[in-house]
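Those protein sequences? They're chains A and B, same order as listed. Throughout, our numbering is defined as the position within the first sequence, counted from one, plus 4. Throughout, our numbering is defined as the position within the second sequence, counted from one, plus 1087. C-beta: ideal position from N, C-alpha, C; glycine also.
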Amino acid sequence: MATPSPRTTRRAARAAVAGSALAALSALTACSAVGGPTADGTSTGGGTVTLVTHESFALSDGLLAQFEDETGLTVQVVQQADAGALVNQLVLTKDAPLGDLVYGIDNAFASRALDEGVVVPADVSAPAAQDAAAYTVPGDDDGALTAVDLGDVCLNVDAVWFADQGVPEPTTLESLLDPAYRDLVVVPDPVTSSPGLAFLLATVGAFGEDGWVDYWAGLRDNGLKVADGWSEAYYTDFTGGGGDGPRPVVLSYASSPPFTVPEGGDEPTTRALLDTCFRQVEYAGVLAGAANPSGAALLLDFLLSDDVQADIPGSMYMYPVSSAVELPEEWARWAPLADEPFEVAPADIAENREQWLATWSDTVIG
Amino acid sequence: MPPVPTTDRNLAHRPAPGTGSGVPVGGGGARGGGARTGSGARVPWRARVPWRSRVGWGVAVALPLVFLATFFVWPVVEIVGRGFVDDGRLDLSGFGDVFSRPRTWRVVGQTLAQAALGTLGAVLLGVPGAYLLYRCRFPGRGALRAFVTVPFVLPTVVVGVAFRSLLVDGGLLGGLGLDGTFTAIVLALVFFNYAVVVRTVGGMWERLDPRTEQAARALGASPWRVLRTVTLPALGPAVASAASLVFLFCATAFGTVLVLGGRRYGTVETEIWIQTTQFLDLRAAAVLSVVQLVVVVAALTAAGRARARTERALTLGGPAATARPVRLREPLDAVAVVVTAVTVAGLLAAPLVNLVVRSLRTPRGWGLDNYAALAVPQDTLAVSAWQAAGTSVRTAVDATTIALVVGGLVALVVSRRPRRTSARRAVAGLDALFMLPLGVSAVTVGFGFLVSMHAPLGLPVDLRTSPVLVAVAQAVVAVPLVVRTVLPVLRAIDPRQREVAATLGAPPGRVLRTVDLVVALRAVGLALGFAFAASLGEFGATSFLARPQDPTLPVVIFRLLGRPGAENYGAALAASVLLAALTAGIVAVCERLRRPGIGGAW
């Protein structure tokens, strides 16, 4: 063994082959993520502004570049998988914030963000700020959170299924307790899904502190299915989502039906029940301790600009707060917002959310 | 056992002349008790360790330790610490609170039950699979080896679609009534972890010297008896290794549990996830993290004992020497074929085929439209699925490189069997320490990163929003996989081989190179495939990291599935198939690294 036998050398050669194969693999893949081209660091003209947001954030190609051209700033977008966890992450990182601006705090978590002092007031000059003011979180007098968009979380029904079965579509929350709708409803778990939480809040708004638990007990006894998240419910359990599931009533958004217009058809196969909705408002705010607060304010203004507001329906499936921009045609036709969504005051949500979720879990999950 | 004529392939691993037979011999004294004495006694090569060698070993120990301390221990301590410190004072009242909730006990019980059954299922099905895929030759073996690895990397949200759309009422297997049941969770855990057993055990099995079994057969033992008394005992360490990995994966599975069973079957992991991300109840999360740590350490200790009991030097051959054609007449082969066929077709292929079939369905009928959509930037995602695949592979290259270096060093150090008891304990401790990242909640680590990585080691770099951290987080999880794959092979080296080399005048570096490295490289293909797969599948804390702009493929799939519309759904499924194909392809390439003709017997 001490003197290199032909075998050892051959093995060493093979080892070298393995090594070079590894190296070749790295070379093939353009070195590595670290060495490869990254989005940041391309232009550093006016500094960097970092947007912290959730996984659903998206804007049409070129919009952010346009902002960068106009301001000389470089925008870095940092996305978090779970919208519900976003505020909690911001609370945890208060002392060393993850970025400059947060977008995507909804009204279920708004009070918590304000109470924890995660965001600070900023001057917004875009005209849409007037519209946004209508959604100011009660108690947020200085305007630390600015509404950017909104949407309604509503039950959706598969109209084709109901027509085929000759069963009338349900219309209200109460109607789902009818034995005719046994085993037909699926909703996401409010503990693990933010639309799920919104629907729990809709029932709190509809039936009050005293009534919502009984309502859910009734749903449970009528064969309610609880899925883990929106994707599971909509694509696996729902009949009309494309996945051919078994249940024709699902919790989704008022904006979902336009996506079910079949190829060549002229109207959607699903419908939102506008008497079952809870309004979600998404806010943005400058983070306390931001490294670039002025850049954050510019970016916030940009989110309220007509260009971004007009882009929101197409890219994020929400409704713009701005009254100046027009909705896409199919939205105006097939995805109206509810006239009177159920409401729960943000402060009430902040105070009771955990208790409500615990009670809900005990009632529905057992 | 009578000496058997050696074939040249086994030459390198034949025990030193004069020690007699080719059957397992000493050297396992490390943790195996006094029965087998550490054979180092005769040649005290360690007594005169030159300083260069000491520095070398120091680095080999220090580098992985610094890595683990920075990117695992510190974040975990930081976040768990926040749960136990209230206003600067230690506050342990959380224990009383959490343990007085009946739910806690139920959750602990369910964790143990799921992990135990998942592990049992994976081992029972995986060992015959390892035999068939690594000890036998048949057409399509390479493809099948790559195929069984695919489930291991699929994002849970995809497995949710693939599994649940089969099990749901009206689905192909809806009649079984499994949707949302405990059984469905256990089946999915086996689905995910089957490959872990097949690869870990198979990697050892293909190198076991067949002559021992042949000799036993020649002496009249039945095939079953040979299996029971010769083969399985020799595989003991590999089975224990695999089982401990699977147990950790099962005990910390959270997406699988939530998607397939819901919170009714909540485990310690899902509970930590909920308390941390949804309620920010760090006190409860910290207590549960400690509970998890206790469970995991107990499991690792048990596995370590089991390994040590069975571990010893073996005669290892090259894979080509041990593989032989399948013989269906042989009862063992027949059983292995049947079990593996049922597992692969029923458990692994059904959901995956379901996925592929669904990905081919478009609003206009059957077609490749969904795949065509992958080439263009998805709607508003700004990147195409192909670009995301590129990002995934680049990140995986980084993570795999880190994992191979760190894991390789750990395996090397841990493979030593020092004679001093304290040193032996230290080595065993090091081994267990590097397994912990698999057993500690991904949420804990992910949120730990958030509160610690804004200035790692006091450096003014914010790693939290850097792509580097994604690769590092993946590497932390891949390291134990590398260790578990390389270590059984290194440990099986007869220490006397090194002694012989040393006695003949080879300096320590040379001994390492010509003995350890040569043998270790044999396991590298396996380890590489594993690490790559783990990285592509984005295990562990990665899913809780804040994402910089360039999304990876699993992230794109996740985003697509979060949008309404048949096109998005179809594209998500097609992207999942792409991820599966990518994984299978890379694993197959890694396998080829070891094939005779390219890798040969190294």
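Contacts with chain B at 9 Å (Cβ-Cβ) include Ile369(A).
Residue environment analysis places Ser259(A) among the buried positions, since at least 16 neighbouring C-beta atoms fall within 10 angstroms of its C-beta. Considered as a whole, the segment 1300-1352 of chain B harbours no complete run of any beta strand (DSSP E) with no fewer than 3 residues.
Bridge partners of Ser60(A) according to DSSP: none are assigned. Per the DSSP secondary-structure output, Ser129(A) pairs with nothing in a beta bridge.
Of the candidates Ala1209(B), Leu1253(B) and Ala1202(B), Leu1253(B) places its Cα closest to the Cα of Tyr239(A).
Assignment of Thr274(A) by DSSP, reduced to helix, strand and coil, places it in the strand class.
Where Arg1141(B) is concerned, there is no enclosing beta strand (DSSP E), although the alpha helix (DSSP H) around it starts and stops at Trp1138 to Leu1155.
Between Gly299(A) and Gly147(A) a beta carbon distance of about 18 Å is seen, past the 8 Å cut, so the two are scored as non-contacting.
Taking 7 Å as the Cβ-Cβ cut-off, the segment 1512-1545 of chain B approaches chain A at Phe1534, Leu1537, Val1538 and His1541, given in chain order. Those residues of the segment 1361-1375 of chain B placed with their C-beta closer than 7 Å to a C-beta in chain A are Ile1361, Thr1364, Gln1365, Phe1366 and Leu1367, ordered along the chain.
Assignment of Tyr257(A) by DSSP, reduced to helix, strand and coil, places it in the strand class. DSSP places Pro350(A) in the helix class (H, G or I) of the three-state scheme. In this structure Ala167(A) is exposed. Its beta-carbon is surrounded by fewer than 16 other beta-carbon atoms within 10 angstroms. Short of 7 Å from the beta carbon of Ala1462(B), and not among the five residues preceding or following it, lie these beta carbons of its own chain, in chain order: Ser1471 and Trp1473. Annotation: Cβ neighbours of Asn92(A) in chain B (cutoff 9 Å, chain order): Thr1363, Thr1364, Gln1365, Phe1366, Leu1367 and Phe1534. Contacts with chain A at 9 Å (Cβ-Cβ) do not include Pro1438(B).
Cβ-Cβ distances below 6 Å link Asp162(A) to Thr243, Gly244, Pro252 and Thr274 in the same chain, with the five nearest sequence neighbours on each side left out; the list follows chain order.
Interface annotation for the segment 169-188 of chain A against chain B: Asp187, criterion Cβ-Cβ distance under 9 Å. For Pro1582(B), no Cβ of chain A is located within less than 9 Å of the residue's own Cβ.
By the neighbour-count definition (other C-beta atoms within 10 Å, threshold 16), Phe1334(B) is a buried residue.
With a threshold of 9 Å between beta carbons, Ala100(A) makes contact with chain B. Going by DSSP, Asp162(A) is part of the beta strand (DSSP E) stretching over Thr150 to Asp162. Sequence-ordered contacts of the segment 350-369 of chain A with chain B read Arg357, Glu358, Leu361, Ser365 and Ile369 [C-beta pairs closer than 9 Å]. In this chain, the beta strand (DSSP E) harbouring Glu286(A) covers Phe282 to Leu291.
For the set Phe346(A), Glu344(A), Pro324(A) and Glu347(A), the Cα lying nearest the Cα of Ala336(A) is the one of Pro324(A). When 8 Å is used as the limit between beta carbons, Ala292(A) is near no residue of chain B, the shortest such separation being about 15 Å. DSSP lists Glu286(A) as the beta-bridge partner residues of Asp110(A). Among the residues of the segment 250-263 of chain A, those with a Cβ less than 9 Å away from any Cβ of chain B are Pro250, Arg251, Ser256, Tyr257, Ser259, Ser260, Pro261, Pro262 and Phe263, in the order of the chain. Pairing Phe1250(B) with Ala1271(B) gives a Cβ-Cβ distance under 9 Å.
When C-beta atoms of the segment 104-122 of chain A are compared with those of the segment 346-366 of chain A, three or more pairs fall below 8 Å, so the two segments count as touching. Sixteen is the threshold: since fewer than 16 other Cβ atoms of the shown chains lie within 10 Å of the Cβ of Asp182(A), the residue is exposed.
Scanning chain A for C-beta atoms nearer than 9 Å to the C-beta of Ser1140(B) yields nothing, as the closest lies near 16 Å away. Secondary structure at Phe1225(B): coil, using DSSP grouped into helix, strand and coil. Secondary structure note for Thr207(A): it is in no beta strand (DSSP E), and the uninterrupted alpha helix (DSSP H) holding it is Ser198 to Asp225. Residues Val1606 of the same chain have their beta carbon placed closer than 6 Å to that of Ile1580(B), with the five preceding and five following residues left out of the count.
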